[in-house]
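Q: In this text, residue positions in the sequence shown follow this note's numbering: the first is 637, and each later residue adds one. We put the beta carbon where it would ideally sit given N, CA and C, even for glycine. Note that this is a predicted model, so its numbers are computed, not measured. Once you've had a glance at the structure underneath, I'll fire off some questions.
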Amino acid sequence: MLRRLTVVAVFVVVLSAIGLAVGISRSRPGVPVVRATAAQGKATTEGGEPPAAAPALRPKVVVPEPEHNFGAVDIDTEAVHAFKVRNEGTAPLELRLGESTCRCTTGDVPADPIPPGGEAEVTVRFLEERHYGPFQQHAVILTNDPENRRVTLTIRGVVKSRLAVDPERLDFSGMARGVPATRSMTVYSQTWPEFWLEVESVRPDGVNCRLTPVSAEGLRHLDALSGYRLDVDVPADLTNNKLEG
């Protein structure tokens, strides 16, 4: 009995070394029966490679139209645009307001995260109080999208002027000596349908200024609603002098 148990023990050790587990049972007294089964190991694919790990959950920010053109806007009037922001990822998308290129540009972001497959709006406001003409500004949105931490939203347009001149200065250079000369400019408004203009004083003496209303057709290239043509007549005895205007 002792010898038989010893032989079985050695058999168990040998099979265990080659990755098999051994079970012993008896079909009849005194005759051992050995059953071998595959040892438990790591799961593999049909090609013998470990299966791919499940993808990590992460948000994905998408802004279909990151730029907006306001066109013409009035000075001292707030222009507002809402940018659509989508989350095409698998985790909630968080947004924070970053910097902007000008104090005239501000923004608002949603306080709550955008769920996967959801959509929200980021509002950008523009208000110009002093300068007119073309503008382009940017607002930055910070996100928790690991592949797109910063999203830049761009707004552009033209601020209409209350009162402007074209050209900005009168050029009196190139006047022939002793010959009368005239220089002209247009004083116009892109916001007022009409305004009143007068010349209070002129220097030096002898220079004459004339104001003439400009037709709508004459103002079309300036995108103006109203305006005057200012003609400055310089007499012959002053064309020898250096004038600025």
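Judging by CA-CA distance, which residue of D781, R732, G734 and V795 is the nearest neighbour of D712?
A: When each option's Cα is compared against that of D712, the closest is V795.
Q: Counting pairs of beta carbons, one from the stretch 831 to 847 and one from the stretch 868 to 876, are three or more of them closer than 8 Å?
A: The stretch 831 to 847, when compared against the stretch 868 to 876, does touch it at the 8 Å Cβ threshold.
Q: Near E765, which residues of its chain fall below 6 Å by C-beta distance, leaving aside the five closest residues on each side in sequence?
A: Excluding sequence neighbours, E765 sits near D712.
Q: What does the alpha-carbon distance come out to for the pair G854 and V815?
A: Taking the straight line joining both Cα atoms gives about 29 Å.
Q: Given that a residue counts as buried once 16 or more other Cβ atoms are within 10 Å of its Cβ, and exposed if not, what is R664?
A: Since pLDDT at R664 reaches only 48, below the 50 mark, its modelled position is unreliable, and the value read off the structure follows with that caveat. The residue in question, R664, is exposed, as its Cβ has fewer than 16 Cβ neighbours within 10 Å.
Q: I'd like to know if T818 contacts chain C, where contact means its C-beta is closer than 7 Å to some C-beta of that chain.
A: This model lacks chain C altogether, as it is built from one protein chain only.
Q: Would you mind sorting H767 into buried or exposed? The rule is 16 or more other CB atoms within 10 Å of its CB.
A: Classification for H767: exposed.
Q: Exposed or buried, which one is P695 when buried takes at least 16 other CB atoms within 10 Å?
A: P695 is buried by the Cβ-count criterion.
Q: Classify H857 as helix, strand or coil using the three-state DSSP reduction.
A: The answer is helix: DSSP assigns H857 an H, G or I state.
Q: Are the stretch 728 to 746 and the stretch 776 to 784 in contact at 8 Å, needing three or more beta carbon pairs?
A: Contact between the stretch 728 to 746 and the stretch 776 to 784 is present, because at least three Cβ pairs lie under 8 Å.
Q: In the DSSP assignment, the beta strand (DSSP E) including P849 goes from what residue to what residue?
A: That run of the beta strand (DSSP E) goes N844 to P849.
Q: Thinking just about the alpha-carbon of each residue, which of F719, I791, W832 and R813 is nearest to the one in V758?
A: Of the listed residues, the one whose Cα sits closest to V758 is F719.
Q: If you draw a straight line from the alpha carbon of R785 to that of G769, how long is it in whole angstroms?
A: So the alpha carbons of these two residues sit roughly 33 Å apart.
Q: Count the other CB atoms, across all protein chains shown, that sit within 10 Å of the CB of T822; report buried if there are 16 or more and exposed otherwise.
A: Buried, by the Cβ-count rule.
Q: Since F831 and S837 should fall inside the 8 Å C-beta cutoff, what is the C-beta to C-beta distance between them, to a whole number of angstroms?
A: Not really, about 20 Å apart at Cβ, beyond 8 Å.
Q: For the candidate residues D802, P803 and C738, whose alpha-carbon lies nearest to that of V776?
A: Nearest of D802, P803 and C738 to V776, Cα basis: C738.
Q: From the DSSP output, read off the bridge partner residues of R761.
A: In the DSSP output, where bridge partners are listed per residue, R761 has V716 and T742.
Q: Rounded to a whole number of angstroms, what is the C-alpha to C-alpha distance between N705 and R865?
A: Whole-angstrom Cα-Cα distance: 32 Å.
Q: Using the beta-carbon count (16 or more within 10 Å), is S797 buried or exposed?
A: By the neighbour-count rule (16 or more Cβ atoms within 10 Å), S797 is buried.
Q: With H, G and I counted as helix, E and B as strand and the rest as coil, what does DSSP make of P668?
A: Reliability fails at P668, whose pLDDT of 46 lies under 50, so the model's placement of it is uncertain and no value is given.
Q: Taking R761 as the reference, which of V745, E724, T726 and I750 has the closest Cα?
A: Considering only alpha carbons, the answer is V745.
Q: Assuming N784 is part of the beta strand (DSSP E), what are its boundary residues?
A: Counting along the chain, N784 falls outside any beta strand (DSSP E), and DSSP gives it neither H nor E.
Q: R819 and L806: beta carbons closer than 7 Å?
A: Yes, they are a contact pair.
Q: Span of the beta strand (DSSP E) holding R694?
A: That residue, R694, is in no beta strand (DSSP E); it is neither H nor E in DSSP.
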